[in-house]
Structure formats: structure tokens, C-alpha cells
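The sequence shown begins at 1 in UniProt numbering and counts up one residue at a time.
Built from N, CA and C at the ideal position, the CB exists for glycine as well.
Quick caveat: nothing in here was measured; it's all calculated off a predicted structure.
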Amino acid sequence: MDQNKIKSNSELSINKRSARSVAMGAAFVMAMAAVGPGFLTQTATFTSQLGPSFGFAILITILIDIVVQMNIWRIITVSGKHAQQIANDIFPGLGYFLTFLIVVGGFFFNIGNVAGAGLGLNVLFGISAENGAVIAAVLAIIVFVVRNALLVMDRTVQVLAVVKIAVLIYILSVTTVPVSSAIKHTFLPSNIDFYSIVTIVGGTVGGYISFAGGHRLLEGGVHGQKGLKYVNEGALSGIGIASVIRVMLFLAGLAVVMAGHKLDPLNPAADIFKIAAGNFGYKFFGLLLFAAGMTSILGSTFTSVSFMNYSHSPEGAVKFQKYRPYLVIGFIAVSTLVFYIVGKPAQILVVVGAINGLILPIALAILLIGAYKNKIMGTDYKHPILLSIFGWIVVLFMAFAGIETLIHTL
């Protein structure tokens, strides 16, 4: 299909839809895909290890998040193409390689997601984590297969986001937060740990999470240059939501650690809530964990399945939508089955976060190259030079930090 025709159709679809609602849906899908069980585990683990200096890693992560999401959302929206289609337009077969990286990473993350949701139900109601994971998987599948599934997904994610924030506000209200120490070490850290940066960047904007918002905009009808204001609005809102939750969890964990408590390395996030507010706090942790697991199941499944769409015509898109429910059910069901058989997802969540951090420079570099291809972006679009410069700085930094992490780990 002619590029100009794609853009005119895209811009027409923006006029017919509530693009702002789609942008907010994209913001929450991206943010809540990031704020999953791995997010809770990683934040608690590194807060325990690094103390207030972990604030520096969070600050660097937020800056990287802004650069990554503003670039990726913008390129996907203006081109009107999914990331894998852009990659294939750059070099035939590159899109399949990118799909492999994203889907495999998303699949392993989803094992931890269903496990986290199951563990949350275990804490709340005492049922086994395995049976809780099955219940969570069934609920997620229902969200995806009902009529108006994207709208239902948006609303579900938004409600669960409110639950997460409310739980963290309560925990912070019953702890003594060392704000001054956190601020000081955020800007003057006594310890800079590359592994923590790579891991939490990977868990926040690495792998499938980088593309969750951009693909949601695309599938919600926001395409072309007229959609750029919604790109800025959605991307910055999503980063803001995820960052606020990260900072709140960090401060809660720091309050516990600096009071002299040692977090259980097997479940550090649960310890934060249990120490801060006793058994009641532990139940609140179960609610938070269930909400985190559910939102990440929705985010990882939506984005991973969207990477299997290579259609370039309306007919192809309709055919893909016909088979999409089966792909969704298979993705969630197999992830749940692996957890049911293997278990022990906590280590997987931290390691896969680091792996997603290594995928990020590859994925971002591909899209930055695509931003300067007329056959992808059209002849009348110029990608902002500052976004490109900062984008390539992130590519180089994450590649360097990732290699340093691999050498240290090996």
C-alpha cells in the first residue's frame, strides 16, 4: 500500500476516535507492563543491596526511559508500522530476528508474571501459588477474548494501577521515610552499580516493554504526524506513572532497610510490607503482587502477540485478528504451564530483566536507523536531531553497561 495512502487513512482514523483516550490507554499499558512482579523484586533487591545509592540508578533509568520511549513511540506512530515491519523494511529478515528477541524475552517474563499473580492470590486467600496462577491466567484470557478487548484491557490496567498506588501510599504512611538521605545519594551516590542499572532499565523499558505503548497507539488508530502530540502525552504520562511507583516502592524499602532490618533475599518485596505493617501489610503486598502480575500478563501478552503481525494490508490485518485469540491463549497457557511444572520464578525475573536490558540497544538502534528511511517514515518527516543524539547515547551506554554486566557475571 502506498505510504501516503497509509498516512491519510491513519490521520482520518485519528479524527474518528478519541485519540487522547487511546494515548492514555497506551501510557497505562506501557507503565503497568513495566510495574510487574519483576519490578517489585528488582526494586526491593537493589534497595536492600545499595541502600539510598539505588536512587541514582532510578534517576538514570527515568532519563533513559524518556529517551527510549519518545524515540520508539514517535517512529512507530509516524511510520504507521509495527516495529518488526520497520525492521524488515530496513533489512529483510531483521524483523523476524527482532520478533524472536522480544517474544522469547516476553515469554520468560510472563512466566514470572503468572507466578506473581498466583503468589498474590496465595497471600490473600491461602490457595496454592500454582492454582492461583491458573486463575490469573484464565482472568487474563477472558480480558483478551471479550468484545472490545483493547478497551477492556485499558480499563482493567487503569483500575489495577490505582490499586497499586493506593497500596504504596498506605505503606509509606505507616513508615518513617528517610527522604533527605534518598535525595542526597540520588545525586551523589556512594556506589554506582552497572548491573542494577541494566536490570531495572531492562525491567522498565527493555524487551517488549519498549514497544507496548507504541503498538497500543497503532492498534488504537493513532498514526501519522497528526498523532505526535498524543505520542508525547502518552509516553511522558506512562513514564511518569511507572517512575512514581518505582520511587514509592524504593522509599518504602529504604525506610525498612535504614531502620536496621535485613530483607529476605528469597522474597525481599514481601518483607518490606511485612516489616512495615505486620500481617496486614503482608496482605496488602498480596494485593499489590496480584495487581502487578495481572497488569504485566496483559502487557507482555499484548505486545508479544503484536510482534507476530506482519500484515501490510487491511485484508492481512483482518486475517491476523481472526487468529489473534488463539495466539493469546497459547502464549498465556504455555507460560502458566511452565510455571506449574518448573516453579521458582524469582531468579528468572531478575535475570530476564538484565537480558531485556541487553536487547534494548539492539531494538533502539534498529528503530533509530528506520527513522531516517523515507520509505518507512515518508518524505515529509524529519526526526528531531536531539532525540536521535540522545537515542544513540543510550544505545552506546546500554551496550557498554550490558557488556560490563556480562563480564562481571561470567
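Bounding residues of the alpha helix (DSSP H) (the contiguous stretch that carries residue i)
i           : result
residue 418 : What is shown of the chain runs 1 to 410, which leaves residue 418 out entirely.
Tyr170      : 149 to 173
Leu59       : 54 to 79
Gln225      : Taken as a continuous stretch (DSSP letters only), Gln225 belongs to no alpha helix (DSSP H), as it is neither H nor E.
Thr186      : 179 to 187
Phe97       : 94 to 125
Ser128      : Taken as a continuous stretch (DSSP letters only), Ser128 belongs to no alpha helix (DSSP H), as it is neither H nor E.
Ile192      : That residue, Ile192, is in no alpha helix (DSSP H); it is neither H nor E in DSSP.
Phe28       : 19 to 34
Asp89       : 83 to 90
Exposed unless 16 or more other CB atoms sit within 10 angstroms - verdict on residue i
i           : result
Gly234      : buried
Gln321      : exposed
Pro92       : exposed
Phe280      : exposed
Asn15       : Here Asn15 scores only 49 on pLDDT, less than 50, and its place in the model is too uncertain to base an answer on.
Ser8        : Here the model assigns Ser8 a pLDDT of 40, short of 50, so the residue's position is not dependable, and the following value carries that caveat. Its Cβ having fewer than 16 others within 10 Å, Ser8 is exposed.
Arg246      : buried
Val205      : buried
Thr176      : exposed
Pro189      : buried
Asn4        : Only weak support exists for where Asn4 lies, its pLDDT of 46 falling under 50; the value from the coordinates is given anyway. Counting Cβ neighbours within 10 Å, Asn4 comes out exposed, since fewer than 16 surround it.
Asn122      : buried
Asn113      : buried
residue 411 : The structure shown does not extend to residue 411, since the chain spans only 1 to 410, so no value can be given for it.
Thr379      : exposed
Asn88       : buried
Val318      : exposed
Phe331      : buried
Lys274      : buried
Pro52       : buried
residue 456 : Any question about residue 456 goes unanswered here, given that the chain covers just 1 to 410.
Ser10       : With a pLDDT of 42 at Ser10, under the threshold of 50, the modelled position of that residue is not reliable, and the figure given next carries that caveat. With 16 or more Cβ atoms within 10 Å of its Cβ, Ser10 is classed as buried.
Tyr340      : buried
Val67       : buried
Gly260      : exposed
As assigned by DSSP and simplified to three states, the class of residue i
i      : result
Ser300 : helix
Gly202 : helix
Ala371 : coil
Val305 : helix
Thr45  : helix
Gly221 : coil
Ile403 : helix
Leu266 : coil
Val146 : coil
Asp380 : coil
Thr176 : coil
Gly207 : coil
Trp392 : helix
Ser311 : coil
His215 : helix
Gln3   : With a pLDDT of only 45 at Gln3, under 50, the local geometry of the prediction cannot be trusted, and the value read off the model is given with reservation. Three-state result, Gln3: helix.
Leu12  : Model confidence at Leu12 stands at a pLDDT of 40, short of 50, so the residue's coordinates are unreliable and nothing is read from them.
Mind the definition here: the stretch 66 to 77 touches the stretch 215 to 232 only if three or more C-beta pairs lie below 8 Å; say whether that holds. Segments in contact, yes.
Can we say the stretch 261 to 273 touches the stretch 59 to 67, given the rule of at least three CB pairs closer than 8 Å? no
Just checking, does the stretch 21 to 40 make contact with the stretch 149 to 166 on the three C-beta pairs under 8 Å criterion? yes
When you compare the stretch 243 to 263 with the stretch 37 to 45, are there three or more beta-carbon pairs, one atom per stretch, that lie closer than 8 Å? yes
Cβ contact (3+ pairs, closer than 8 Å) linking the stretch 359 to 369 and the stretch 391 to 402: A contact exists between the stretch 359 to 369 and the stretch 391 to 402.
Does the pairing of the stretch 115 to 132 with the stretch 220 to 237 give three or more beta-carbon distances under 8 Å? No, the stretch 115 to 132 is not in contact with the stretch 220 to 237.
Taking contact to mean 3 or more Cβ pairs, one atom from each stretch, closer than 8 Å, check whether the stretch 138 to 152 and the stretch 295 to 310 are in contact. yes
Counting pairs of beta carbons, one from the stretch 300 to 310 and one from the stretch 277 to 292, are three or more of them closer than 8 Å? no
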